[in-house]
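For reference, the structure discussed in these notes is given below.
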Amino acid sequence: MVKNAKKEETLTLIDNRTGRSYEIPIQSGTLRAMDLRQVKIDESDFGMVSYDPAFLNTATCRSAITFIDGDKGILQYRGYPIEELAENSTFVEVAYLLIHGELPSKFQLRVWIQDITQHTMLHENIKKFMDGFHHDAHPMGILVSTVSGLSTFYPDAKNIDDPACRRLQVVRLIGKMPTLAALAYRHSVGKPYVYPDNDLSYSGNFLSMMFKMVERKYNPNPILEKALDVLLILHADHEQNASTNVIRCIGSSHVDPFSAAAGAVATLYGPLHGGANEQVLRMLAEIGSIDNVKGYIDSVKKGERRLMGFGHRVYRNYDPRAKIIKRIAEHVFEVTGRNPLLDIALELEKIALNEDYFVQRKLYPNVDFYTGLIYQAMGFPMELFPVLFAIGRVPGWMAQWEEMLKDSEQKIARPRQIYTGPVVRKYIPLDKRA
Ligand code: SDX
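Per this note's numbering, the sequence shown starts with residue 714, numbered consecutively.
Given below as structure tokens:
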């Protein structure tokens, strides 16, 4: 019998195999899977385990970082609505908020910016293994390797129990991610590497490292610089998405944060996750014209393909980020000229939002549906789109990683399984096998 639990805050389970009943406490609307272990057929029974492939209905942690209401299309970082942060904040300030839990004071923000700025440089040896990649190596593959490689340049990162050491690695990764991304791009197009320009803003410096040519100093277009900064804000965290789940899982083995982040980058690379923004552009290019949209939608309804940039595990309504991104697109296109693929995207959205197939499945545009159009208009190649997502997600990954380490309920992640393999059998010597 559960002590002190009020009747209404328990679940009464009756095991019809034994007739026994159990009172399981309800905490924060959940039951602890470990409370199921008492449900046994007999004393030799290991006890009941919950089964939830892909964690469709499993909370793996308590977190105070990001709140999402999928039905209402609400997204908040540390309680601040994403719309207000996109309107009023900057990416580095949002990074501070996610990691520290509060908006910084003027002094704290100045120190934070200084800390990040002084860590934008990379060890010169990183250029050597960057040069080792083929010219057409996908920049996400390069990023997985180079982020992991940072762990070899900063062996002190292993001291994960030291808050000062954790903070140093966090500012290193936030500072160096754009430099790694720009190096991968410049390598792929055979252009000389551009060193960070610490006079510029975080986003302005990234644009400089990406696009500076022979001019003495790169001056980013302020509209594009602001648009990129807001896009990074929109990608900064998203509670327990696949790549965040991975950084928590890898981090739970107490490896350094760079190795854990490399796993998160690898997860984000997938076309069902951060790789979707690149696939959306490829899909729009494949559709080619508004006339082909209806036929494409029909093939999606037949299950022959997915409408990339649509659907979400949590949002059963319009992704609030997609709404903001659509507005950013208009500002960017005023500078760059309208991306012709936008008309195809708008037609896809118009048709999809009225088709039963999508309405019944509550499939709406997600964060990835419009970002690629903006990135392409800004001059980024398609392969770099998921890299831009990764740059934005670093503060969220770091905040979630540190929250996991400080959570006394957490330990090394090691799920159970339902074994479906053969029962025990004897080894057959090679000459006896059929
Ligand atoms: C991101 O988790 C996060 O928070 C992620 C993210 C973040 O900020 O970290 O928001 C970033 O990853 C956004 C999602 C980017 N991915 C895509 O746009 C790829 C296309 N979308 C999907 O493949 C899909 O919608 C997912 C992966 C996003 C969600 O998949 P779920 O929740 O596992 O849903 P599902 O695959 O079980 O689909 C449910 C039904 C299925 O139909 P039925 O089998 O019931 O008939 O909806 C269908 C699916 O076929 N469906 C789609 C679809 N997405 C789901 N059908 C057509 N096109 C789609 N895009």
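C-beta: ideal position from N, C-alpha, C; glycine also.
From the listed residues Ile960, Asp969, Thr1084, Arg899, the smallest Cα separation to leucine 941 is found for Thr1084. A straight-line Cα-Cα distance of about 41 Å links tyrosine 1070 and phenylalanine 919.
Within 10 angstroms of the beta-carbon of valine 1013 lie 16 or more other beta-carbons, which makes it buried. The C-beta distance from serine 921 to proline 905 rounds to 13 Å, too long to meet the 8 Å contact threshold.
DSSP places threonine 892 in no beta strand (DSSP E) but in the uninterrupted alpha helix (DSSP H) bounded by 876-901. In this structure, the CA atom of arginine 899 is about 7 Å from the CA atom of methionine 923. With contacts defined by Cβ atoms closer than 7 Å, isoleucine 1104 and alanine 1042 do not form a contacting pair. Here methionine 1095 has Glu991, Leu994 as same chain residues with Cβ atoms under 6 Å from its own Cβ, once five neighbours each way along the sequence are excluded. Nearest to aspartate 844 by C-alpha distance, out of Ser965, Leu896, Gly862, is Leu896. In this structure the stretch 761-774 touches the stretch 732-751; the number of beta carbon pairs closer than 8 Å is three or more. At a cut-off of 3 residues, the continuous stretches assigned as beta strand (DSSP E) that sit fully inside the stretch 754-805 are 779-782, 787-790.
Secondary structure at isoleucine 1131: coil, using DSSP grouped into helix, strand and coil. Exclusion of valine 943 from the 6 Å shell around the ligand SDX follows from its C-beta lying no nearer than that to any non-hydrogen atom of the ligand.
Short of 8 Å from the beta carbon of leucine 937, and not among the five residues preceding or following it, lie these beta carbons of its own chain, in chain order: Leu920, Val1045, Val1048, Thr1049, Met1091. Around the Cβ of leucine 1097, a 10 Å sphere holds 16 or more other Cβ atoms; the residue is buried.
Assignment of aspartate 1032 by DSSP, reduced to helix, strand and coil, places it in the coil class. Distances from the CA of arginine 730 to each of Pro738, Asp758, Glu721, Ile739 were compared; the closest alpha carbon is that of Asp758. The continuous stretches of alpha helix (DSSP H) do not include tyrosine 1077, and DSSP gives it neither H nor E. Relative to the ligand SDX, the beta carbon of arginine 1019 is positioned inside 6 Å of a heavy atom. Straight across, the Cα-Cα distance linking glycine 862 with histidine 836 is about 11 Å. Closest option to proline 1099, judged by alpha-carbon separation, among Val805, Ala877, Ala894: Ala894. Residue pairing by DSSP puts tyrosine 735 in a beta bridge opposite Leu726. In the structure shown, the three-state DSSP call for threonine 743 is strand. For tyrosine 1009, the enclosing alpha helix (DSSP H) has its first and last residue at 1006-1014. A residue is called buried when at least 16 other Cβ atoms come within 10 angstroms of its Cβ; threonine 957 meets this threshold and is buried. Between the stretch 850-858 and the stretch 800-813 there are fewer than three inter-stretch CB-CB distances shorter than 8 Å, so the stretches are not counted as touching.
The three-state reading of DSSP puts phenylalanine 1023 in strand, counting E and B together. Straight through space, the alpha carbons of leucine 1055 and proline 1128 are spaced by roughly 43 Å.
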